[in-house]
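Chains as they are written, first to last, in the numbering used here: chain A, 472 to 583; chain B, 416 to 531. Ideal Cβ positions, reconstructed from N, Cα and C, are used throughout, including at glycine. Values in this document were obtained by computation on a predicted structure and should not be read as measured data. The next block holds one structure in the form of structure tokens; read it before the comments.
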């Protein structure tokens, strides 16, 4: 069983704050690391797919980094807005059959 | 219509009923997936279809029976379910499933299933 851990489990920040959360995953047999944003009553939306150690990706105020050797990825949100409130999921692709294994997510609430 | 569409959005059924969940994608993708999310658990992969062929069955009980008649449609047939099967069932698609873990997946809104 592959272990994908996300921390913190939940987070409350004020509008304008910058924040970050962590995804930890196995450091062996790595293939890809995904980040998704899941707003309540909507469908998960892909943010990033990263495959190379040292990858950094950016989409607007959101960015992500990847360290495959130590098995972690950070997601950063700069200047949080209330519309950033969502659950952020990471998923590890790898292991023996390359299927995606999801973490439980980090629930972000941005207060106006 | 674009994206991944799931019907119904909500379903309540008894343990002896037979029902089906439907998923349709208009993205031209070749791989489709069923996921289950139970309360306080991560998304759990159930089945993968690539070019209409099932390539993954993640030890799912036989009371869940998938069907993929073409690359755009995916069904999940349900029969004699148990209360612990109550969950959110999500469908997703990606370009193809050969190395699907390095492609973003596009999800539907899910079907909230409740077993009485």
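(message) By alpha-carbon positions, which one of A:518, A:571, A:572 ends up nearest to residue 558 (chain A)?
(response) A:518
(request) In angstroms with no decimal places, state the Cα-to-Cα distance between residue 452 (chain B) and residue 572 (chain A). (result) 12 Å
(request) With DSSP as the reference, label residue 486 (chain A) as helix, strand or coil. (result) coil
(message) Could you check whether residue 521 (chain A) and residue 544 (chain A) sit closer than 8 Å to each other, using their CB atoms as the reference points?
(response) yes
(message) Closer than 7 Å between beta carbons: that is the criterion. Which residues of the stretch 509 to 520 of chain A meet it against chain B?
(response) 513, 514, 515, 517, 520
(message) Rounding to the nearest angstrom, what Cα-Cα distance links residue 513 (chain A) and residue 538 (chain A) in this structure?
(response) 30 Å
(message) Let me make sure I understand the geometry here. Which of A:554, A:562, A:549, A:566 has the alpha-carbon closest to that of residue 488 (chain A)?
(response) A:549
(message) Just list the residues that DSSP pairs residue 454 (chain B) with in beta bridges.
(response) In the DSSP output, where bridge partners are listed per residue, residue 454 (chain B) has none listed.
(request) Go ahead and label residue 465 (chain B) buried or exposed: buried means 16 or more other beta carbons lie within 10 angstroms of its beta carbon, across all protein chains shown. (result) buried
(request) Could you check which residue in B:508, B:511, B:516, B:509 has the C-alpha nearest to that of residue 567 (chain A)? (result) B:516
(message) Looking only at its chain, what residues have a beta carbon closer than 6 Å to the beta carbon of residue 491 (chain A), apart from the 5 residues adjacent to it on each side?
(response) 545, 547
(request) Please name the residue, chosen from B:434, B:504, B:494, B:446, that lies closest to residue 467 (chain B) on a Cα-to-Cα basis. (result) B:446
(request) Rounded to whole angstroms, what's the CA-CA distance from residue 530 (chain A) to residue 496 (chain B)? Just pull it up for me. (result) 42 Å
(request) With DSSP collapsed to three states, give me the class of residue 554 (chain A). (result) helix
(request) Out of B:426, B:489, B:508, B:430, state which residue places its alpha-carbon closest to the alpha-carbon of residue 498 (chain B). (result) B:430
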